[in-house]
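In the numbering used here, the protein residues as written are 260 to 655. Glycine included, C-beta positions come from ideal geometry on N, C-alpha and C. The structure presented is a predicted model; accordingly, all values stated were derived computationally and were not measured. Taking it in order: structure first as structure tokens, then the write-up.
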């Protein structure tokens, strides 16, 4: 019999500035590339015009746009307010499906959320259902985003052969919100980024001067990251701990100017540092030298920096989301992310807490579950299960 052929989809949208999404994709793809699946399974890496190199077979799909068609669509929208289908772009997807069929690809594995080829059998990784499970932040609900997300998630989750959730909490969210058959959902656990590996050498940031004690919150500047309440909590904490700093690395997603204004209003300019996007080397040094990670995000179920901090011996205080508590157990301090007083109290606890040892050696560490090895074992199990489903029909 012919081998079971899986196309691992590489999305060019994910770049280093994308944060945890990029780290997850790169690590998982690299490990899949290194795995020996035997003669019964054949892996391809597939995507539109991506630039990465792999040892296994690569299928670089062509993608072209028509300048004139784009102008036509924009003009129609301007004159009539309607939306024309981009038939020039649709041709790329139809062509991609034909290429994969000719290669006898059985199923596409999407390691990041989103489905490119809607009418080709697929396995889908899902990280969150933020538009349904948290508050209506602009990035999740405004300007038609909620409606687009709802339409995409309902179709993409419903049509998947198997859905890979990053945690049990994530699986439960999918079942509650979309009434998906539980047997269709497997756990492909979240894992720390490559920052915890020896390959990344810690390096003190050049801008780090005359700072002795600090808290760290690496996060892109989205509203759901909740920098606002963190700053209020830090302001209260400073009334009795005047020698502390708060370091907030991360790229801007449209909210940083507002946060800068909040910093000015609270007169925290000399105590809050905004270095922008920083290297893994700098971030690793900050993890290892901070008094703790303060993570007030309002979006879960889980988040990669929590695992990275634990692996690098950095104490953690985080929002009391169900997924955070299920993942970290007794390894973190929890607070209500909408109560600055609780954030301040968590900082007080971290201030008095001794530096932890890296938890990767602990018997009941979250890292014994949430690691790349378990993710790869899950991937193999998902592929084997999907084969039993997918092979009930041929390539059409």
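Just checking my contact of residue i with residue j at CB under 8 Å: how many whole Å lie between their CB atoms?
i: residue 307; j: residue 322; result: 4 Å
i: residue 606; j: residue 492; result: 7 Å
i: residue 542; j: residue 455; result: Between residue 455 and residue 542 the Cβ distance is about 11 Å, and since that is not below 8 Å, they are no contact.
i: residue 631; j: residue 290; result: 6 Å
i: residue 582; j: residue 429; result: 7 Å
i: residue 490; j: residue 527; result: 6 Å
i: residue 555; j: residue 485; result: 4 Å
i: residue 299; j: residue 263; result: 6 Å
i: residue 314; j: residue 303; result: With a Cβ gap of about 12 Å, residue 314 and residue 303 do not count as contacting.
i: residue 483; j: residue 558; result: 5 Å
i: residue 464; j: residue 534; result: 7 Å
Any idea if residue i is buried or exposed, counting beta-carbon neighbours within 10 angstroms, 16 or more meaning buried?
i: residue 410; result: exposed
i: residue 447; result: buried
i: residue 477; result: buried
i: residue 622; result: With a pLDDT of 48 at residue 622, under the threshold of 50, the predicted position of this residue should be treated as unreliable, and no value is reported.
i: residue 618; result: Here the model assigns residue 618 a pLDDT of 45, short of 50, so the residue's position is not dependable and the matter cannot be decided.
i: residue 523; result: exposed
i: residue 442; result: exposed
i: residue 494; result: buried
i: residue 642; result: buried
i: residue 627; result: exposed
i: residue 394; result: exposed
i: residue 403; result: exposed
i: residue 608; result: exposed
i: residue 260; result: exposed
i: residue 335; result: In this prediction, residue 335 scores a pLDDT of 48, lower than 50, which makes its location untrustworthy; the coordinate-derived value is nonetheless stated afterwards. Residue 335 comes out exposed.
i: residue 413; result: exposed
i: residue 425; result: buried
i: residue 457; result: exposed
i: residue 349; result: exposed
i: residue 466; result: exposed
i: residue 520; result: exposed
i: residue 386; result: buried
i: residue 440; result: exposed
i: residue 378; result: exposed
i: residue 516; result: exposed
Beta-carbon within less than 6 Å of residue i's beta-carbon, same chain only, minus the 5 sequence neighbours each way: which residues are those?
i: residue 530; result: 504
i: residue 305; result: 266, 268 and 318
i: residue 398; result: 481
i: residue 257; result: The shown model of the chain, from 260 to 655, leaves out residue 257, and the question about it has no answer.
i: residue 552; result: 475, 568, 573 and 575
i: residue 620; result: Note that residue 620 has pLDDT 44, beneath the 50 cutoff, so the model's placement of it is unreliable and no number is given.
i: residue 635; result: 290
i: residue 604; result: none
i: residue 537; result: 508
i: residue 496; result: 603 and 606
i: residue 295; result: none
Leaving aside the five residues before and after residue i along the sequence, list all residues of the same chain whose C-beta is less than 7 Å from its C-beta, in chain order.
i: residue 309; result: 269, 271 and 319
i: residue 471; result: 502
i: residue 584; result: 593
i: residue 432; result: 388, 392 and 560
i: residue 420; result: 366, 380, 381, 382, 645, 648 and 649
i: residue 415; result: 374 and 383
i: residue 613; result: none
i: residue 579; result: 593, 594 and 595
i: residue 514; result: 480, 481 and 482
i: residue 460; result: 540
i: residue 500; result: 610
i: residue 629; result: 448, 449, 450, 566 and 586
i: residue 664; result: Because the chain in this structure spans residues 260 to 655, residue 664 falls outside the shown range and cannot be described.
Using a Cβ-Cβ cut-off of 8 Å (strictly less than) and excluding sequence neighbours within five positions of residue i, which residues of its own chain qualify?
i: residue 571; result: 454, 455, 543, 546, 547 and 617
i: residue 405; result: 390, 395 and 399
i: residue 286; result: 450, 452, 453 and 631
i: residue 288; result: 267, 269, 304, 311, 313 and 370
i: residue 640; result: 445
i: residue 351; result: 307, 320, 321, 322 and 323
i: residue 525; result: 490, 491 and 494
i: residue 587; result: 565, 569, 575, 577 and 625
i: residue 376; result: 352, 355, 356, 359 and 367
*Counting only runs of 3+ residues fully inside the segment 587-644, write out the beta strand (DSSP E) ranges in chain order.*
592-594
_the segment 435-444 touching the segment 588-600, judged by at least three CB pairs closer than 8 Å_ = no
*asked:* Assess contact between the segment 534-554 and the segment 387-402, defined as three or more Cβ pairs (one per stretch) separated by less than 8 Å. Is contact present?
replied: no
*Segments of 3+ residues assigned as beta strand (DSSP E) that fall wholly inside the segment 541-585*: 551-554 and 575-578
*Quick one: any contact between the segment 554-573 and the segment 367-384, if contact means 3 or more CB pairs under 8 Å?*
no
*asked:* Please give the ranges of any beta strand (DSSP E) in the segment 478-531, keeping only runs that are unbroken, at least 3 residues long and fully inside the region.
replied: 503-506
*Considering only residues of the segment 421-482, which uninterrupted alpha helix (DSSP H) runs meet the minimum length of 4 residues and lie entirely inside it, listed in chain order?*
427-437
*Could I get the ranges of all uninterrupted beta strand (DSSP E) runs contained in the segment 340-424, with 3 residues as the minimum, in chain order?*
366-369, 381-385 and 421-424
*Mind listing, in chain order, the continuous alpha helix (DSSP H) runs of no fewer than 4 residues lying wholly within the segment 279-310?*
279-293
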